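Undergrad:
Numbering (our numbering), first residue to last: -2 to 248.
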């Protein structure tokens, strides 16, 4: 089956896109010895625009039959997290992964991808990844709805979940997940739709995670090429999921 990705395709511009977080996640096989102290010193020197530093920990939890509860067995440092001064940008330099996030307000793809690749280059210079095991590009969208309004999912999703036809019961919550394979490519898409509520409003979450687990040797150009193709897939899923009414609210 032919590759369907068309990077020349133009998508509708939403000046108030409902993106609450955009994430680039690269799983790697590192060839450099892990030295957290040296890494922290290097990052402080090379990333003065990311002054907030924290350790990233991995916790092993074990169930205790004596108490019937989960008990923390061990906690180890697996990386360093750095945040920009305004905390809109967050990057993790981990032993086996590079994770870059842009929090709300999202600006545009050009700024996101440029900053991601700048930081990825620093990660490569310091941790020397020999192989890429997974690339993930994830966009979490939140469509806000005033709490006073009844949530009519058909007003927002082209293919909304429906209550049981034989029961005249309203749908108060939902969680739906699809995993799709993009024809002619190594890309898959994990799509999650759910509801997030607060005291003031409800939010429809549309979580789109495009990823590939095809392993390949490190090459900076291939990372950029993959990101652009994955962005096309993300846009295709986003605009195919929402109704015209939903899109109009964010123009």
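Heads up, the beta-carbon is just placed ideally off N, CA and C, and yes, glycines get one too.
All values derive from a computational prediction rather than experimental measurement.
(1) Going straight from the alpha carbon of residue 47 to that of residue 86, what length do you get?
(2) For the candidate residues 208, 100, 89, 187, whose alpha-carbon lies nearest to that of residue 124?
(3) Return the CA-CA distance between residue 54 and residue 161, expressed in angstroms with no decimal places.
(4) May I ask which residues mark the beginning and end of the alpha helix (DSSP H) holding residue 38?
(5) Report yes if the CB atom of residue 243 is closer than 8 angstroms to the CB atom of residue 198, and no otherwise.
(6) Thinking C-beta only, is residue 95 closer than 8 angstroms to residue 23?
(7) Rounded to the nearest angstrom, how far is the Cβ of residue 202 from that of residue 139, given a contact under 8 angstroms?
(8) Using the Cα positions of residue 212 and residue 184, report the straight-line distance between them to the nearest angstrom.
(9) Return the Cβ separation of residue 249 and residue 226 in integer angstroms, given the expectation that the two are a contact with Cβ distance under 8 angstroms.
(10) When you compare each of 174, 177, 170 to residue 193 by their alpha carbons, which one comes out closest?
(11) DSSP state of residue 226, grouped into three classes?
(12) Between the Cα of residue 130 and the Cα atoms of 172, 11, 114, 208, which residue gives the shortest distance?
(13) Just to confirm the assignment: which complete beta strand (DSSP E) runs, minimum length 3, are found wholly within the segment 110 to 187?
(14) Under the three-state reduction of DSSP, which class applies to residue 24: helix, strand or coil?
TA: Well, looking at it:
(1) As a first step, residue 47 must be located in the chain shown, where it is residue number 50. As a first step, residue 86 must be located in the chain shown, where it is residue number 89. Spanning the two alpha carbons is a distance of roughly 8 angstroms.
(2) Along the chain shown, read from residue 1 onward, the residue named residue 124 stands at position 127. If we check each option's Cα against that of residue 124, 89 comes out closest.
(3) The residue given as residue 54 occupies position 57 in the chain shown. The residue given as residue 161 occupies position 164 in the chain shown. Spanning the two alpha carbons is a distance of roughly 44 angstroms.
(4) For this step, residue 38 is matched to residue 41 along the chain shown. Taken as a continuous stretch (DSSP letters only), the alpha helix (DSSP H) holding residue 38 covers 33 to 43.
(5) Stepping through the chain shown from its first residue, residue 243 is reached at position 246. Stepping through the chain shown from its first residue, residue 198 is reached at position 201. Result no, Cβ atoms of residue 243 and residue 198 do not sit closer than 8 angstroms.
(6) Position 26 of the chain shown, counting from 1, holds the residue named residue 23. Position 98 of the chain shown, counting from 1, holds the residue named residue 95. Yes; because the gap between Cβ atoms is below 8 angstroms, this pair is in contact.
(7) If you number the chain shown from 1, residue 202 lands on position 205. If you number the chain shown from 1, residue 139 lands on position 142. Yes, they are in contact, since the Cβ atoms of residue 202 and residue 139 sit about 6 angstroms apart, within 8 angstroms.
(8) Along the chain shown, read from residue 1 onward, the residue named residue 212 stands at position 215. Along the chain shown, read from residue 1 onward, the residue named residue 184 stands at position 187. Each residue's alpha carbon lies about 12 angstroms from the other.
(9) No information on residue 249 is available, as it lies outside the stretch -2 to 248 that the chain covers here.
(10) For the purposes of this step, residue 193 is taken as residue 196 along the chain shown, with counting starting at 1. Ranking the options by Cα distance to residue 193, first place goes to 170.
(11) In the chain shown, counting from the first residue as 1, residue 226 sits at position 229. Residue 226 falls in the helix class under three-state DSSP.
(12) Translated into positions along the chain shown, residue 130 becomes position 133. Residue 130 has its Cα closest to that of 208, out of 172, 11, 114, 208.
(13) 126 to 143, 172 to 178
(14) In the chain shown, the residue the question calls residue 24 occupies position 27. DSSP places residue 24 in strand when its eight states are reduced to three.
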